[in-house]
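Enquirer: Going by my numbering, the first residue of the sequence shown is number 402, and it counts up by one from there. Structure in structure tokens, see below.
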Amino acid sequence: MNNLNNPQLTKRFIIGTKSKSRRDLFKSLGLGFKYKSPNIDEKSVANLNNDRFDAIKIATAKARSLSSIHKNKIIVTFDTTILFQKKTVYKCDSPECCIKLLNSFSNRKHLLCTGMVFMVNNKIVQKKLTNTNIYFKKNNKNKIKNYVLKNFNQIESAVGCYNLEGLGIDLFDNISLSYFNVLGLDIINFLKLMRKI
């Protein structure tokens with residue numbers, strides 16, 4: 402699988418994501434995949450334990466929801482979770498929730514985990530978990546409030562209520578390990594696993 406831009410190759414894959422960041426990253430690489438949005442309730446996935454492996458479990462549930470419909474296709478799904486103070490953080494549905502969450506991150510570290518699952522006919526053929534340590538600055542409350550109110554439409558779909566590729570970059574003190582993981586896609590390992598199939 403040397404030619405990743407081969408249309409016959411990419412037709413075998415369905416990327417199960419509705420994330421704009423992930424889709425934009427694939428498009429920037431010239432990879433013409435077909436996209437589908439998995440339809441699951443992430444919080445109801447079985448055996449979630451508030452640990453880094455929740456991301457793999459949720460990505461697997463997403464893959465199964467699509468693999469049962471699209472026979473003989475290679476389904477690739479992702480899930481990004483945040484572990485903070487020994488609990489899994491989920492997406493917010495209001496500016497107030499985002500403001501509270503970002504204030505709690507201030508001057509602290511959290512772990513961002515992205516699970517990636519490749520599945521064919523309900524069988525996992527490859528999977529990968531990537532972890533990134535996120536260190537937040539000591540951000541004042543007005544800065545957080547202004548950021549959320551100006552950017553809520555962009556961050557409401559992002560776990561953690563921030564986008565690294567936008568103005569949110571000013572909230573961070575440091576990022577350790579994978580930059581691409583913060584965008585929701587460990588692209589280096591994605592390409593490695595894709596070549597193995």
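The beta-carbon is built from N, C-alpha and C at its ideal position, and this holds for glycine as well. This structure is a prediction, so every number in the text was calculated from the model and none was measured.
What residues in its chain sit with their C-beta under 7 Å from that of Lys-529, if we drop five residues either side in the sequence?
Expert: Counting only Cβ-Cβ distances below 7 Å, and skipping sequence neighbours, we find Met-517, Asp-587, Asn-590, Leu-594.
Enquirer: Just to confirm the assignment, what range does the beta strand (DSSP E) spanning Gln-527 have?
Expert: First-last of the beta strand (DSSP E) with Gln-527: 524-537.
Enquirer: Which of helix, strand or coil does DSSP assign to Leu-513?
Expert: Here Leu-513 sits in strand by DSSP.
Enquirer: Which residues bound the beta strand (DSSP E) around Val-583?
Expert: Run containing Val-583: none in the beta strand (DSSP E); it sits in the alpha helix (DSSP H), 580-583.
Enquirer: What is the rounded straight-line gap between the Cα of Ala-462 and the Cα of Thr-418?
Expert: Their Cα atoms are separated by approximately 13 Å.
Enquirer: Does the Cβ-Cβ distance between Asn-522 and Lys-472 come in under 8 Å?
Expert: Yes, they are a contact pair.
Enquirer: Drop a sphere of 10 angstroms on the beta-carbon of Met-402, count the other beta-carbons inside from all chains shown, and report buried for 16 or more, exposed for fewer.
Expert: At Met-402 the pLDDT is 42, less than 50, meaning the model places this residue with poor confidence and gives no usable figure here.
Enquirer: Measure the Cβ-Cβ separation of Gly-585 and Thr-481 and say whether it is below 8 Å.
Expert: Contact flag set, yes.
Enquirer: Less than 8 Å between the C-beta atoms of Leu-503 and Ile-545, yes or no?
Expert: A contact, by the Cβ cut-off of 8 Å.
Enquirer: For Asn-508 versus Phe-537, is the C-beta distance shorter than 8 Å?
Expert: Yes, the pair counts as a contact, with Cβ atoms nearer than the cut-off.
Enquirer: Determine the contact status of Ile-457 and Glu-443, defining contact as a CB-CB distance below 8 Å.
Expert: Contact: no.
Enquirer: Taking 8 Å as the limit between beta carbons, can you name the residues of its chain near Arg-453, skipping five residues before and five after?
Expert: Closer than 8 Å at the Cβ level, and outside the excluded window around Arg-453, lie Thr-482, Leu-484, Leu-512, Cys-514, Leu-530, Asn-532.
Enquirer: Any chance you could list the alpha helix (DSSP H) runs of at least 4 consecutive residues sitting entirely within the region 479-514, in chain order?
Expert: Runs of the alpha helix (DSSP H) inside the region 479-514: 496-506.
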